[in-house]
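Under my numbering, the sequence shown has 532 at position 183, and the numbering climbs by one with no breaks.
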Amino acid sequence: MSKAYVVAKGMDYYQEMLALGQDHTGRIRASSSRSRPRKVRIREYKIPDLNEDPCLDLDEEETREVVVFRPQDADYSQNVPQLPYELEVEILARLPRFEYWKLKFLNKRFSRLLNEGKIFKVRRDRGLVEPSVFMRSHGDTKWTMFDKNFENYQEVPELPLPSDSSFFLGDKESLCAGTHLIVTGNEGESIALWRYELETSKWFKGPAMITPRILFASATCGSVAFLAGGLKMYGDTSKEVVNEAEKYDSRTKTWTRLRGMNKRRQFCSGCYLRGKFYVLGGKDENDKNLTCGERYDELTDSWELIPDILKDVSFSSVQSPPLIAVVNDNLYSLETSGNELRVYDTNANAWKKLGDVPVRAKSNGGWGVAFRSLGDKLLVIGESVGPSRTETMSVYTCRPSANPEEKLLWEESKGCCGVKLSHFILNCCVMIA
350 MSKAYVVAKG
360 MDYYQEMLAL
370 GQDHTGRIRA
380 SSSRSRPRKV
390 RIREYKIPDL
400 NEDPCLDLDE
410 EETREVVVFR
420 PQDADYSQNV
430 PQLPYELEVE
440 ILARLPRFEY
450 WKLKFLNKRF
460 SRLLNEGKIF
470 KVRRDRGLVE
480 PSVFMRSHGD
490 TKWTMFDKNF
500 ENYQEVPELP
510 LPSDSSFFLG
520 DKESLCAGTH
530 LIVTGNEGES
540 IALWRYELET
550 SKWFKGPAMI
560 TPRILFASAT
570 CGSVAFLAGG
580 LKMYGDTSKE
590 VVNEAEKYDS
600 RTKTWTRLRG
610 MNKRRQFCSG
620 CYLRGKFYVL
630 GGKDENDKNL
640 TCGERYDELT
650 DSWELIPDIL
660 KDVSFSSVQS
670 PPLIAVVNDN
680 LYSLETSGNE
690 LRVYDTNANA
700 WKKLGDVPVR
710 AKSNGGWGVA
720 FRSLGDKLLV
730 IGESVGPSRT
740 ETMSVYTCRP
750 SANPEEKLLW
760 EESKGCCGVK
770 LSHFILNCCV
780 MIA
């Protein structure tokens with residue numbers, strides 16, 4: 350019997366076990382010394398808040414009912430054949446990631462496998478990773494995570510309440526590195542950083558940046574995130590626009606200082622393109638709009654200035670940082686003044702117009718619009734340009750071509766699995782895990 354056959358059969362077997370959590374007729378025999386499985390009500394796809402004590406006593410008015418087995422309610426070892434540890438990890442790594450929350454209720458061993466992070470490492474090594482979108486819109490106090498097709502969602506547990514409420518009330522920056530969601534913002538007279546770990550579904554404080562700042566540019570490459578520029582705060586009144594750069598490694602949970610950029614800049618944007626970290630636009634220490642960019646080569650620890658990369662951009666008094674994204678090694682931008690998509694020609698150092706974008710980016714100078722890469726697609730979220738304007742967000746994707754002759758085909762994600770979020774997006778980032 351081949352290993353592939355064993356893995357395939359093992360996957361089928363464990364998927365049947367996972368399906369018991371949603372099958373009202375499914376039962377697992379319990380040991381005579383243990384109580385029968387208990388039927389409880391839970392919200393579909395809501396991540397348990399593991400920062401609090403475990404509790405399954407939920408709202409009695411919930412109408413959706415599924416069977417959930419607590420890890421301690423049944424002795425699985427007497428009924429389920431034990432597979433080698435490595436084989437279990439290989440099987441579970443191939444399950445859809447939005448099914449992982451069920452493993453925490455299936456048994457303690459599977460829950461431990463998730464917490465250890467081994468499953469996510471195998472997913473990276475085997476090329477099994479998939480993108481998820483973390484988002485927070487106007488009026489929300491917590492993040493919502495969507496799958497790449499916006500067919501499933503999970504509510505991320507709320508941040509632990511800090512002693513200073515200014516962190517919740519103020520603007521925040523967010524980025525992803527590996528399985529970590531990083532969120533920064535003002536907290537009193539300092540800048541606080543929180544990280545959400547996908548493995549444990551928990552929030553943790555820190556680790557702090559080497560140079561804490563806001564309004565910076567960032568980009569992700571696998572388990573690493575690069576940061577540059579931004580605004581450094583000294584108490585309530587003193588501020589400094591910086592050129593400093595650093596990177597975060599989610600595997601070691603550490604920051605490393607990098608060589609600083611040629612220019613100081615805030616309100617800038619970043620991307621990772623063809624093995625280099627790009628930083629575009631922003632404002633300098635004199636509040637002057639910058640049309641230049643820079644790219645960082647980690648091999649030589651050096652920055653190269655890119656003059657006039659944004660020379661054709663129209664700036665407004667309420668201009669957001671540049672809206673840029675990379676798909677298939679091509680750099681795209683959403684030009685807010687014309688509400689159009691453009692692609693960058695590296696040889697000519699110029700942008701080519703590709704067509705209109707189906708959200709209203711012009712009205713607020715780009716603020717409130719999410720523009721990200723999602724695998725081989727571009728993702729744009731905001732207020733629809735259609736005739737029927739609503740207060741809820743509209744989600745569109747397209748597979749862009751760098752050829753201006755090819756027509757853009759935007760697809761709208763209908764319904765967004767029933768989630769009604771404001772069309773003004775405050776934070777949005779994509780996690781590949």
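Even for Gly, the Cβ is constructed at its ideal location relative to N, Cα and C.
Because the structure is a prediction, the values reported are computed rather than measured.
Tell me which residues share the same chain as residue i and place their Cβ nearer than 7 Å to its Cβ, disregarding the 5 neighbours each side in the sequence.
| i | result |
| --- | --- |
| L775 | R485, S486 and H487 |
| V591 | T560, R562, G578, G579, K581 and R613 |
| I468 | V438, L441, A442 and L462 |
| K702 | E689, R691 and P753 |
| C766 | F499, E500, N501 and Y502 |
Can you look up residue i in the DSSP assignment and give me helix, strand or coil?
| i | result |
| --- | --- |
| G731 | strand |
| V628 | strand |
| S426 | Only weak support exists for where S426 lies, its pLDDT of 46 falling under 50; the value from the coordinates is given anyway. Residue state, collapsed to three classes: helix. |
| I563 | strand |
| K451 | helix |
| R446 | helix |
| C641 | coil |
| S762 | coil |
| K726 | strand |
| V744 | strand |
| L530 | strand |
| S291 | Examination of residue 291 is not possible in this model, given that the chain is present from 350 through 782 alone. |
Please report the distance separating the alpha-carbon of residue i from that of residue j.
| i | j | result |
| --- | --- | --- |
| L728 | R709 | 14 Å |
| D657 | V718 | 25 Å |
| R544 | I531 | 5 Å |
| R443 | W552 | 26 Å |
| H529 | E546 | 5 Å |
| R691 | L680 | 9 Å |
| K763 | E740 | 15 Å |
| G519 | M780 | 24 Å |
| F495 | F483 | 7 Å |
| A782 | L436 | 20 Å |
| F459 | V478 | 19 Å |
| C778 | K637 | 27 Å |
Using a Cβ-Cβ cut-off of 6 Å (strictly less than) and excluding sequence neighbours within five positions of residue i, which residues of its own chain qualify?
| i | result |
| --- | --- |
| E761 | Y745 |
| C726 | It should be pointed out that residue 726 corresponds to Lys in this sequence rather than to Cys. Excluding residues within five positions, the ones whose Cβ falls inside 6 Å are T746 and R748. |
| L770 | S486 and M742 |
| T695 | none |
| E653 | R644 |
With a 10 Å radius around its C-beta and 16 neighbouring C-beta atoms as the bar for buried, classify residue i as buried or exposed.
| i | result |
| --- | --- |
| S651 | exposed |
| Q668 | buried |
| A566 | buried |
| D431 | Looking at the sequence shown, residue 431 is not Asp but Gln. Flag for Q431 reads exposed. |
| L441 | buried |
| N498 | exposed |
| E755 | exposed |
| K453 | buried |
Skipping 5 residues on each side, what residues in its chain have a beta carbon closer than 8 Å to that of residue i?
| i | result |
| --- | --- |
| A699 | D661 and Y693 |
Touch test, the region 467 to 474 against the region 500 to 512, Cβ-Cβ under 8 Å, three pairs minimum: Cβ pair count under 8 Å is below three, so no.
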